[in-house]
Structure formats: structure tokens, C-alpha cells
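S.K.: So that we are looking at the same thing, I have put the structure below in C-alpha cells.
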Amino acid sequence: MLFRVIRVHDWPTYEGWAWLDGYELNSAGDAVERRSIFVQVSGLRPVGKAPDPRARNARQPAARPSTAPARSARAHR
Numbered sequence: 048m049l050f051r052v053i054r055v056h057d058w059p060t061y062e063g064w065a066w067l068d069g070y071e072l073n074s075a076g077d078a079v080e081r082r083s084i085f086v087q088v089s090g091l092r093p094v095g096k097a098p099d100p101r102a103r104n105a106r107q108p109a110a111r112p113s114t115a116p117a118r119s120a121r122a123h124r
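Here you go:
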């Protein structure tokens, strides 16, 4: 499971274990579920720096057709 850690809790627990808050990631690196997980620290592996979200999700708004009629303001009488 790929997991993006957002918090390491300082809750008392067994030696070598920790509670983590974060997001489960899909294969594209997108967060799909927020979770709290109890892990053995020695079993964790870093996978590198996360991609810059602005670069990965750089979406452009849809182009609007130029033939759409312009809205006109109504005059108050």
C-alpha cells in the first residue's frame, strides 16, 4: 500500500510501533482514502518525494464556444 503520511501520533504504544494519519494513494499517486493506520516502523519504506500537486493536476478549463449569445442586463422600470 502506498501511503502519504500527514501526521505521526505521539500516542503511547508498543516499542517499534506507531499510529499514522494520512492518505492511501492509487497507482497514479492520487489520494483515494483518508486513513489512520497502526504500523511497525521497521516495516516502512520511503518511496521518494511526492510529485508537485500543481504539476500533476494542471488542468485547464474547457474552451467555451465563441458563438454563445452574450447576456444582457435587464433595465429596472
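Count along the sequence shown from 1, then add 47; that gives the number in my numbering. For every residue, glycine included, the Cβ atom is placed at its ideal position computed from N, Cα and C.
Bridge partners of residue 64, per DSSP?
M.R.: Translated into the one-based positions of the sequence shown, residue 64 becomes position 17. Residue 64 pairs with 87.
S.K.: Along the chain, where does the beta strand (DSSP E) that runs through residue 51 open and close?
M.R.: Against the sequence shown, residue 51 aligns to sequence position 4. Residue 51 -> beta strand (DSSP E) spans 49-55.
S.K.: Going by CA-CA distance only, name the one from 94, 89 and 68 that's closest to residue 54.
M.R.: Counting from 1 along the sequence shown, the entry for residue 54 is found at position 7. Per the Cα distances, 68.
S.K.: Do you know whose CA, among 76, 56, 65 and 72, lies nearest residue 91's CA?
M.R.: The residue you call residue 91 lines up with position 44 of the sequence shown. Of the listed residues, the one whose Cα sits closest to residue 91 is 65.
S.K.: Are residue 80 and residue 70 touching if we call contact CB-CB under 8 Å?
M.R.: Your numbering for residue 80 matches position 33 in the sequence shown. Your numbering for residue 70 matches position 23 in the sequence shown. Yes. Within cutoff.
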